[in-house]
Structures are given as structure tokens and as C-alpha cells.
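Structure record follows, encoded as C-alpha cells.
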Amino acid sequence: MQGLEVRGLSKHFGGLVVSENIDFDLKPGARKALIGPNGAGKSTFANLVTGILTPSGGTIRFDGEDIAGLDEAQRVKRGIAKTFQITTLFPRLTVRENLRLPVLEREGLGRRMFARADSNRAIEDEIAALIDQFDLGPLADRPVLDLAYGQQRLVEMALSLALKPRVLILDEPAAGVPSSETHLIIEAIERLPRELAVLVIEHDMDLVFRVATSIVVLVQGRILTEGTPQEIATNARVRELYLGGAHG
Amino acid sequence: MTRPFVSALVILIAAVAAFFLFPYNLAFLTRILIMIVLVLSLDLVLGFAGIATLGQAAMYGAGAYAAGLFAIHVWADPVAGLLIGALAGAALAALSGAVLMRTQGLTLIMLTIAVAQICAEIANRARPVTGGADGLRGIRPGKVLGIWEFDFIGITGYWYALAIAGLVFAALFVIGRSPFGLSLRGIHESPARMEAIGVSVYRRRLAAYTLGGGIAGIAGALSAQITQLVSLEAFSFTLSAEALIMLILGGTGRLYGAVLGTVIFMAVHHTAAANDPFNWLFVIGALVLAVVFFLPSGIAALPTSLKRLAKGGRHAGS
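Chain order of the listed sequences is L and B.
Counting with our numbering, you get residues 1 to 248 for the letters of the first sequence.
Counting with our numbering, you get residues 1001 to 1318 for the letters of the second sequence.
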């Protein structure tokens, strides 16, 4: 099968079960969202797929290949990238340098010592295109730590996209972003390449309903249900367990 | 693009001028140049890659003993001796780094100190080979490139050390701007993010540590050839710590800081110790305190800091 295929995935920390028998598919071009209350195991799931955590059981296949035994860096090379829930960038490097690093590494040039890092024309053009795509032009040569948080989230997405992944996991892309800037994030997600498979883990329901065509609901480490935004919005158990929670 | 070139030229002119201004202090000036090479190696490891170490003397000492023994027993050619010193430093860094680079923070610092102490103890015990506490004597390096003989006043030694320091600086300058240099700064900023873009942080750090070890080995070899003596002090904690203080004084991660910090530290040390042999450390301490409090990015960042101060004054309150 093309894309990501997860079967019977589990993760235990001692006696604590954080993921239990999860089946999950993500095909090329998919726009899926993973929602669930705090502690449902959403980030754990993302970390299992990207290789930060090792599963206790189950299989993870990518384009038919079993990738459960590969470490994070190897999975990145296969085409699975993620953004961090808490912004994780290179703060004192400029936006351009932040994007240069992943492109150089993707091209396998990161160990070169006797060429200038910014001397490759094709790579610099690609970085410029990414900067345009995320409307970061005026900030391109500023250190990332000078940027507003919403803008840093955009750099984070641009940085992951610079790896030319085939699967992109966005771990709470709007977390910490003021609601007035959420639309920037939504627009950026909508402009992601069509064929890229995207999984969004998010609390912001506006964002989820805007960008996802399919929503998976995770509760206490298990999949409660999966469906279209309409189905999820009208699902009584989801409303009760998750959406209704806001009203006490 | 011309600014780094101008700065390099200024440093070079200062080095040449120093030769003519202080003809009776060549040994001291040469000592500064050797320390600059050591502090530059530390800047690569600590300033660029963010590898916290208090044991850079281990690689310096390995280079010094290797070059000294090579000159005594194999071949007296100085340039070949430098290569042997570089290899010894790099080999020790690679070997110890294979374990050390899996750790970080306080653990790493303690282990780097331990490696240098172990080396010192080995050199102390292997008395028939290293001369033990008496030091390794009898190093008689040949002519540099077969042309310049080491003289009693230290003229050849000075130019030789200056040439090597210049080459090391130039090489690190190129590496600093390369993809490898950028990736080291990336690791310094965020190892987690580097892993997430597909880099084995461990292997990249090991490469930087090995390269830094090679350069420290060159510094040690230079010292062995020019002073024609290697003592156990080459492995001492004091040397590692002083190199670190010089780097912090000048400013990390920008190479010029390493040069400036070394010159200032050694000059202050030299004059303060001559004036007051008992309390000179107090002057160094006050200097370090002043820099850490008022110029946390080091003395090399002074122009930038002043600019920012002036700018901040104009835009006060914004």
C-alpha cells in the first residue's frame, strides 16, 4: 500500500497504557486530523510514527516497508517529517539559515567542509521559494528569536516542508498562537503540496474542520471513531466526550 | 564579504608589528600564537558545536608527546611532526569521543576532565618513554621545509608558529561558513531539531570533536618543537581551564574572539604577574567578571554591543 499503514500499534510505559491497538491509514494527498482530550495519547502516537518512541507492539508500514525498527533520522530520510508541539527551531540563526539546514541535509551535503553553505544556486532558489510560500520575505534574514510566535510556527512548517516529506505530521500547529493569527496557520496548511499526506493533531476545532477531510478521535489511547467532519460534529459520543466537555 | 578579510589583515599586520616592537619577547609572543591555535580548536568544539569540555588539553598533550617522540626517534622534520601531532590529537578525540559524545552537560564536562587526567597519569608512569615528571627532553627539530633552522632567539619559531596559526584560522574560517559549520551551529542551537531533519547528532558531534582534537594536537606539536620540551603540564587541567577562560573573554563561535581573548589574557597575565607575582590572578578574575557581566558575548562583540547600546538609546521605550 502507498502511504502510511499502522496496525495494532500499542505503547505502554510500565503499567500505563498510552496507546492501545491503533489502526490508522494515511494515503498520499490525505488531510486527516487527530483529535481527543488532553492525555488521549495524540502526541505519543505522533512520536511512535516518527520514531522518537519505540512501540511496545504492532506494525508501522510506509509504502509497504516495515519502518518500526528505524530511528528518527532514518524515517526522516524515508519521507516522514513532523513539526513540534513546542516550537523547536534554531533561535539564533536567521530564517534563511533555518531553512538552509534541512535542505542541505536532505541533499546529503551537510558534512561538506570546504564550500560555502550558501553557494549552491539551486538550494538558495528553493529556500527563497519556501520563504515566499509562507510569506516570510521581509523576515528572511532576521534571527528566528526576533519573530512573533505565529511567524515562528510558520518557519517550523516551512522547515519540515524543506525536507520534501511525503508524510507531514503537524503537532498542534496553532498551539500558543493568538486567535487573530490562526488564519495564517490555516492558510499555510491549505497551501501545502496537494500530493503530500498531512496529519494534523490539534485542539483548535475551527482549524480542524477547515483543513481536514477526515477526523480520527482518540480517547484514552484508543480510537473512538473516524469519519468526515460532518459525521464527527454530529456524533453523540464525540460531542459528549470531547466537544461537549467545553460546556462542562 | 570584505569585512572578514580586513579583520584578518589587521590581525596579521598586528602580528608582524609585534615581531618588530617586542624583539626581546619572541618566546612569549610565540607562546601566544600556540595558545591561539589551542583556543581556536576549543572554539570549534565549544563555540560552534556547543560541546562543553574542560579537557581540551588531553588532545594538546597527545599532540605534543607524539610530535616530540616522533622528532626524537623517527624524523626531525617539523611539518611531518605537526601532522603526527594532529593525527595523535584526532585519534585520541575520536577514541574518547566515541563514548563522550553520547553524554552532555555536567557528565560530559567531568568525563573530559577525566580523560585528560588519565593521559597525564599515563605520561607520568611511562617514564622510560616520556621522561615522566622530568618531561620529554632532547627534541631537536630539523629545518622548517628544509630551509629555516630553529635559532636561539626564536625568530624562526615565531614565523613558523604565525604561519601555522594563520593556516588554522583560515581553515576554520572556511569550515565555519560551510554546510558542516552551519550544521554544528544547528546542533548547538537545537539537537532535537537536528535529529528531526535527519541528522545523526552523535556522529556530527564526534566529527567536530575529532577535528578539534586534531587542531589541539597541532598546537601541542608546535609547542613541543618550539620549546623543545614536553612536560606533564601539557595535560594539565589548568591549561584546559585557561583556554576556556581565554575563549569566554574573547567571545565564542566567531574565531576572532579566540584570537582576541588569548592575546588579552596572556598579555594581562604577563604584565600582572611581572608586577605582582602573588596577586595577578585577581586581575584576571576581575577581567573575567567584567566581561561576563557587561559583555556576555565576549570582547569581540564590543563593537556590536556598543552599536546596539547607541541604537537602544535612540529608541528608548520602544
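Note that CB positions come from ideal geometry on N, CA and C, so glycine has one too.
| Check | Outcome |
| --- | --- |
| Beta-ladder partner(s) of L:ILE215, from DSSP | L:ALA33 and L:GLY227 |
| Within 9 Å of chain B by C-beta, residues of the stretch 57-89 of chain L in sequence order | ASP71, GLU72, ALA73, GLN74, ARG75, VAL76, LYS77, ALA81, LYS82, THR83, PHE84, THR88 and LEU89 |
| L:ASN261 - DSSP class collapsed to helix/strand/coil | Outside the modelled stretch of chain L, which goes from 1 to 248, sits residue 261 of chain L, for which no answer is possible. |
| Interface positions of the stretch 1078-1099 of chain B facing chain L (Cβ-Cβ less than 9 Å), listed along the chain | none |
| Chain B contact for L:PRO143 (CB, 8 Å cutoff) | no |
| Supposed contact pair L:MET157 and L:LEU170 - C-beta distance, whole angstroms, cut 8 Å | 7 Å |
| Runs of alpha helix (DSSP H) lying entirely within the stretch 1164-1244 of chain B, each at least 4 residues, in chain order | 1179-1189, 1191-1196 and 1201-1227 |
| Cβ contact check for the stretch 1059-1072 of chain B and the stretch 1086-1102 of chain B: 3 or more pairs under 8 Å | yes |
| Length of the line joining the Cα atoms of B:ASP1043 and L:ARG210 | 49 Å |
| Chain B contacts made by the stretch 108-137 of chain L, where a contact means CB separation under 7 Å | LEU109, GLY110, ARG111, ARG112, MET113, PHE114, ALA115, ARG116 and ALA117 |
| Test: B:GLY1250 CB closer than 8 Å to a CB of chain L | no |
| Secondary structure of B:GLY1157, DSSP reduced to three states | helix |
| Reference B:GLY1186, options L:ARG237, L:GLY51 and L:THR88, closest by Cα | L:THR88 |
| At least 3 beta-carbon pairs within less than 8 Å: the stretch 1071-1081 of chain B vs the stretch 1247-1259 of chain B | no |
| Where L:LEU104 meets chain B, residues with beta-carbon distance less than 8 Å | PRO1179, LEU1182 and SER1183 |
| Three-way DSSP call (helix, strand, coil) for L:GLU187 in this model | helix |
| L:ALA148 beta carbon less than 8 Å from that of L:LEU99 | no |
| Buried or exposed by the 16-neighbour rule on C-beta atoms within 10 Å, applied to L:ASN47 | buried |
| Nearest-angstrom Cβ-Cβ length linking B:LEU1037 and B:ILE1164, presumed shorter than 8 Å | As written in the sequence, residue 1037 of chain B is Val, which differs from the Leu given in the question. With 8 Å as the limit, B:VAL1037 and B:ILE1164 qualify as a contact, their Cβ atoms being about 7 Å apart. |
| DSSP state of B:GLY1251 mapped onto helix, strand, coil | coil |
| B:VAL1129, buried or exposed, once every other Cβ within 10 Å from all chains shown has been counted against 16 | exposed |
| Coil, strand or helix - L:THR44 by DSSP | helix |
| Boundaries of the alpha helix (DSSP H) in which L:ASN21 is found, first to last residue | No alpha helix (DSSP H) contains L:ASN21, which is instead part of the beta strand (DSSP E) from 16-26. |
| Rounded separation between B:ILE1084 and B:MET1110 - CA only | 28 Å |
| Reduced DSSP secondary structure (H/G/I, E/B, other) of B:ARG1314 | Note that B:ARG1314 scores 47 on pLDDT, short of 50, meaning its location in the model is unreliable and no value can be drawn from it. |
| Cβ contact check for the stretch 1044-1056 of chain B and the stretch 1190-1210 of chain B: 3 or more pairs under 8 Å | yes |
| Simplified DSSP assignment, three categories, for L:HIS12 | strand |
| CB contact check: B:ARG1308 to chain L, cutoff 8 Å | no |
| Sequence-distant residues of its chain with Cβ nearer than 6 Å to L:GLY3 (five each side left out) | LEU26, LYS27, PRO28 and ALA197 |
| Top-ranked residue by Cα proximity to B:ILE1245, from B:LEU1229, B:ARG1254, B:PHE1235 and B:MET1266 | B:MET1266 |
| Every unbroken beta strand (DSSP E) within the stretch 137-201 of chain L, with a cutoff of 3 residues, ordered by chain | 167-171 and 197-201 |
| For B:ALA1126, three-class secondary structure by DSSP | coil |
| CB contact check: B:ILE1215 to chain L, cutoff 8 Å | no |
| Residues that L:ARG100 contacts on chain B, provided the C-beta gap is smaller than 7 Å | LEU1182 |
| Bridge partner(s) assigned by DSSP for L:PHE62 | L:LEU4 and L:GLU65 |
| Chain-ordered chain B contacts of L:GLU97 [CB-CB under 7 Å] | LEU1182 |
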